Structures are given as C-alpha cells and as structure tokens.
Amino acid sequence: SGIKLLFSLAEIERCLKKVQEGVEYFDEIWAKVHEAANVNQKEKFEGDLKKEIKKLQRLRDQIKNWQNSNDVKDKTQLCDFRRLIEQKMEQFKIVERETKTKAYSKQGLGSEQKVDPKEKEKEDVIGWLQVTSIFCPLPPIFLKRPKVKESIDRLNQKERLESLTKLMGQHKFHVQKLELILRLLNNSSIEVAKVRRRVGALLNFANVFWPLGEIPALPRMPCTTPSYYPQATQPPLESMEYYMRLPTEVLFFNFYYLEGTRAQYLAAKALKKQSWRFHTQYKMWFQRHEEPTTITDEYEQGTYVYFDFEKWTQRKKEGFTFEYRYLEDRDLG
Numbered sequence: 001s002g003i004k005l006l007f008s009l010a011e012i013e014r015c016l017k018k019v020q021e022g023v024e025y026f027d028e029i030w031a032k033v034h035e036a037a038n039v040n041q042k043e044k045f046e047g048d049l050k051k052e053i054k055k056l057q058r059l060r061d062q063i064k065n066w067q068n069s070n071d072v073k074d075k076t077q078l079c080d081f082r083r084l085i086e087q088k089m090e091q092f093k094i095v096e097r098e099t100k101t102k103a104y105s106k107q108g109l110g111s112e113q114k115v116d117p118k119e120k121e122k123e124d125v126i127g128w129l130q131v132t133s134i135f136c137p138l139p140p141i142f143l144k145r146p147k148v149k150e151s152i153d154r155l156n157q158k159e160r161l162e163s164l165t166k167l168m169g170q171h172k173f174h175v176q177k178l179e180l181i182l183r184l185l186n187n188s189s190i191e192v193a194k195v196r197r198r199v200g201a202l203l204n205f206a207n208v209f210w211p212l213g214e215i216p217a218l219p220r221m222p223c224t225t226p227s228y229y230p231q232a233t234q235p236p237l238e239s240m241e242y243y244m245r246l247p248t249e250v251l252f253f254n255f256y257y258l259e260g261t262r263a264q265y266l267a268a269k270a271l272k273k274q275s276w277r278f279h280t281q282y283k284m285w286f287q288r289h290e291e292p293t294t295i296t297d298e299y300e301q302g303t304y305v306y307f308d309f310e311k312w313t314q315r316k317k318e319g320f321t322f323e324y325r326y327l328e329d330r331d332l333g
C-alpha cells in the first residue's frame with residue numbers, strides 16, 4: 001500500500017510538471033498567434049495551439065481521476081492545476097471562435113459565383129433565419145442596475161418575475177419554430193415562397209428583441225446642439241479595444257449606470273477579460289486577490305477583491321466562499 005502510494009505521488013508530480021510546461025508553451029504560442037505577420041503564420045500557430053490544448057485536456061482528465069480517488073488525501077495542488085488548465089481552455093475558445101468566423105467568411109466568399117436563382121432565394125431565406133435565430137437570445141436579465149431602495153425592489157420583484165417568465169416562454173416558442181422552419185428548408189421539405197409569405201409576421205416578432213438592420217444602439221440626443229458638435233458616438237469609442245484601455249472605475253460606472261446600452265455590454269465584457277467575475281446573488285464584481293486556498297466542483301474559497309457599488313470603492317474580503325452557482329459565466333461573445 002505504501003509503495004503504491006509513493007508510485008501515485010511520483011506519477012502526480014510528473015503530471016503536474018507536464019501541466020506547468022504545457023501552460024508555458026501554450027502562452028508562448030498564444031503570443032505568436034497575436035503577433036503573426038501574415039495569415040499563413042497565424043493559421044500554423046492556431047494549429048499548434050489546438051494540439052497543445054488537447055494535451056492539457058488529457059492531463060486534466062488524469063487530474064480529475066486523482067481528485068475522485070480516495071488514495072490521494074491532499075488535493076489542493078490538483079485543484080489548482082486543474083483550474084489553471086480550465087483557464088487556458090477558456091482562453092483557447094477565443095481563438096477558436098475567431099477561426100470559425102474566418103472559415104464561414106471564406107465559405108461565403110467562395111460561394112459568390114454562379115448560383116441558380118431558386119437556390120439563391122433559398123439561401124437568402126436560410127441566411128435570414130439563421131441570423132434571426134442567433135440574434136434572438138433570451139433577455140439578459142442579470143445586467144440590471146442595483147436598486148437603491150430595496151423595499152421598492154421587493155414590491156416589484158414578483159410582478160417583474162412573472163412578466164419575464166411569460167416573455168421568455170413566448171420567446172423560446174418562437175425561436176424553436178424558426179429552427180424548425182430552418183431544418184425544413186435545409187431538407188427541401190417546405191416551399192421557399194411559403195416561408196417568404198410568413199417573413200413579415202416573423203420580422204414583427206424579431207424586431208421586439210433585436211433590430212435586423214445594422215442600426216447603431218445609440219440613445220437619442222437629449223437636446224439640440226450646433227451642427228459642429230458630434231451628433232453620434234464615434235465608432236472607435238464603441239470598440240472593445242477602446243474599452244480595454246479604460247480605467248476599471250469607468251467600466252463599473254458604465255455597467256451600473258448605463259443600463260440596457262451597448263456601453264454596459266462592452267463594460268461587462270471588458271471586466272470579464274480582466275478576470276473580474278459577476279456574482280449574481282450580491283450583484284457585485286469579484287476578482288481573486290490571490291490563488292484560492294480551496295477549490296471544489298461547487299465553490300472556491302480564498303481572498304477576493306470586490307467592487308462595492310454603494311460606497312463606490314474596492315474592498316478586500318478574506319475567507320470568502322464563491323459558490324459557482326452564483327457565477328455569471330455566460331459567454332458575452
């Protein structure tokens with residue numbers, strides 16, 4: 001039994017060393033992907049990155065087996081290295097999304113040749129249905145400005161919840177119907193003309209949730225200003241690159257006080273990229289101050305920095321338990 005335990009510990013040590021080396025190599029390739037001089041180089045590095053993340057995933061599976069084993073008593077280090085691999089997996093998803101987008105773009109460019117008119121009409125309707133399905137997500141109800149008067153919030157909570165539940169149910173029903181029509185079109189089981197006749201009605205519903213045209217999500221100007229003043233937000237100010245350069249306090253202001261705007265969405269996205277995580281119970285943003293002392297499948301515990309929006313300051317909380325069920329982990333794209 002003692003020999004078996006020593007063998008297991010030595011095997012774990014070798015595995016963790018491989019993880020450390022793999023993570024370092026991953027970071028090197030990650031830098032090369034974003035510094036590539038041309039498309040060919042970038043594609044090569046993306047391929048290398050995919051190979052490396054697969055190796056790390058295999059090591060993660062090994063670590064999970066040890067975590068579930070009763071032979072290993074101290075699992076703190078295993079938890080730390082597993083979380084490290086999972087962070088790299090999240091990082092890889094960014095490159096993976098860019099690669100898929102690029103592939104779809106190439107496919108679209110290649111298909112712009114001679115196409116049968118009926119096929120072209122069919123493709124147009126399928127394209128519209130795909131766009132409609134993508135841009136009809138369930139309303140992001142977690143991005144709400146905190147209420148100052150909790151008593152008012154409690155009075156309206158039940159009515160608001162019932163309204164949202166009904167709205168989400170209707171929305172889900174319509175999206176499922178759109179996906180059904182899309183499958184029928186792909187299988188040539190429904191006439192394109194029949195779908196076109198229903199497009200008007202579908203458009204009316206979709207417009208409730210998302211504009212189909214490329215309309216900028218900008219608020220109306222509150223007053224008339226001279227023509228030499230800017231009448232709309234400049235495009236660079238709406239980019240992710242610009243938001244990543246903003247101070248953290250500005251991002252928090254945009255998140256809490258520009259409710260329902262693109263500025264709020266970009267602020268949330270920028271905060272997530274800077275390792276802040278939104279706690280859905282406390283409606284606050286948290287960030288690790290140091291590596292957690294305990295990590296399990298349900299929670300992690302340690303010292304965190306959080307932003308107190310009522311006092312408008314950052315505070316430190318020691319021994320805080322962050323339960324994953326309260327982690328807002330949806331992908332903001």
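Residue numbers (UniProt numbering): 1 to 333.
Just so it is clear, CB atoms sit at the ideal spot from N, CA and C, and this is done for glycine as well.
Source: prediction; values computed, not measured.
How is residue i classed by DSSP in three states: helix, strand or coil?
{"i": "Phe173", "result": "helix"}
{"i": "Asp329", "result": "coil"}
{"i": "Tyr228", "result": "coil"}
{"i": "Asp61", "result": "helix"}
{"i": "Asp124", "result": "helix"}
{"i": "Glu290", "result": "coil"}
{"i": "Thr261", "result": "coil"}
{"i": "Thr280", "result": "coil"}
{"i": "Thr296", "result": "coil"}
{"i": "Trp285", "result": "strand"}
{"i": "Val23", "result": "helix"}
{"i": "Glu318", "result": "strand"}
{"i": "Gln77", "result": "helix"}
{"i": "Glu191", "result": "coil"}
{"i": "Asp308", "result": "strand"}
{"i": "Gln274", "result": "coil"}
{"i": "Pro137", "result": "Any reading at Pro137 is ruled out, since the residue's pLDDT is 46, under 50, leaving its predicted position unreliable."}
Would you decide whether residue i is buried or exposed? Buried here means 16 or more other CB atoms lie within 10 Å of its CB.
{"i": "Trp312", "result": "exposed"}
{"i": "Asn65", "result": "exposed"}
{"i": "Phe173", "result": "exposed"}
{"i": "Leu164", "result": "exposed"}
{"i": "Leu161", "result": "exposed"}
{"i": "Tyr324", "result": "exposed"}
{"i": "Glu52", "result": "buried"}
{"i": "Ala232", "result": "exposed"}
{"i": "Val195", "result": "buried"}
{"i": "Leu266", "result": "buried"}
{"i": "Asn186", "result": "exposed"}
{"i": "Leu237", "result": "exposed"}
Just the Cα atoms here: how many angstroms apart are residue i and residue j?
{"i": "Asp67", "j": "Ala31", "result": "Looking at the sequence provided, one finds Gln at residue 67 rather than Asp. About 32 Å."}
{"i": "Glu121", "j": "His171", "result": "27 Å"}
{"i": "Arg315", "j": "Leu184", "result": "55 Å"}
{"i": "Arg262", "j": "Val95", "result": "23 Å"}
{"i": "Ala10", "j": "Asn70", "result": "16 Å"}
{"i": "Thr303", "j": "Phe286", "result": "10 Å"}
{"i": "Ile12", "j": "Lys88", "result": "20 Å"}
{"i": "Tyr257", "j": "Gln264", "result": "8 Å"}
{"i": "Glu310", "j": "Met284", "result": "10 Å"}
{"i": "Glu318", "j": "Glu86", "result": "24 Å"}
{"i": "Phe307", "j": "Ser188", "result": "54 Å"}
{"i": "Trp179", "j": "Tyr228", "result": "Rather than Trp, the amino acid found at residue 179 in this sequence is Glu. Looking at the two C-alpha atoms, the distance is approximately 47 Å."}
{"i": "Val125", "j": "Tyr25", "result": "45 Å"}
{"i": "Phe43", "j": "Tyr242", "result": "First, the residue type needs correcting, since residue 43 is Glu and not Phe in the sequence shown. Between Glu43 and Tyr242, the C-alpha separation is close to 26 Å."}
{"i": "Gly260", "j": "Ala37", "result": "38 Å"}
{"i": "Val33", "j": "Asp329", "result": "25 Å"}
{"i": "Asp175", "j": "Asp61", "result": "Note that residue 175 is Val in the sequence shown, not Asp. Cα to Cα, the separation comes out at about 36 Å."}
{"i": "Thr224", "j": "Lys177", "result": "44 Å"}
{"i": "Lys158", "j": "Gly169", "result": "17 Å"}
{"i": "Phe255", "j": "Glu119", "result": "45 Å"}
How about residue i: is its Cβ closer than 7 Å to a heavy atom in the ligand SAH?
{"i": "Arg97", "result": "This structure lacks the ligand SAH; in fact it carries no ligand of any kind."}
Alpha carbons only, please: which of the options is nearest the one belonging to residue i?
{"i": "Val192", "options": "Glu86, Ser69, Glu123 and Phe309", "result": "Glu123"}
{"i": "Leu59", "options": "Arg14, Glu323, Asn38 and Thr225", "result": "Arg14"}
{"i": "Asp297", "options": "Cys79, Val33 and Glu43", "result": "Cys79"}
{"i": "Gly22", "options": "Ala37, Lys42, Lys55 and Gln41", "result": "Lys55"}
{"i": "Glu291", "options": "Ser239, Thr76 and Met244", "result": "Thr76"}
{"i": "Glu249", "options": "Ala270, Asp61 and Gly47", "result": "Ala270"}
{"i": "Val72", "options": "Ser8, Asp61 and Val39", "result": "Ser8"}
{"i": "His289", "options": "Trp276, Lys272, Thr280 and Ile85", "result": "Trp276"}
{"i": "Gln274", "options": "Thr280, Ile295, Phe252 and Glu259", "result": "Phe252"}
{"i": "Gln20", "options": "Gln41, Glu35, Asp61 and Leu84", "result": "Leu84"}
{"i": "Val39", "options": "Glu98, Phe307, Tyr25 and Gln57", "result": "Glu98"}
{"i": "Met244", "options": "Ile181, Ala268 and Tyr228", "result": "Ala268"}
{"i": "Gln281", "options": "Glu259, Pro236 and Leu327", "result": "Leu327"}
{"i": "Thr294", "options": "Val33, Met168 and Asp74", "result": "Asp74"}
{"i": "Gln57", "options": "Leu16, Gly169 and Thr225", "result": "Leu16"}
{"i": "Lys272", "options": "Gly47, Glu90, Gln41 and Glu35", "result": "Glu90"}
Rounded C-beta distance between residue i and residue j? I'm assuming under 8 Å.
{"i": "Phe81", "j": "Leu49", "result": "With 8 Å as the limit, Phe81 and Leu49 do not qualify as a contact, their Cβ atoms being about 19 Å apart."}
{"i": "Ile29", "j": "Phe45", "result": "6 Å"}
{"i": "Phe278", "j": "Glu300", "result": "15 Å between Cβ atoms; not a contact."}
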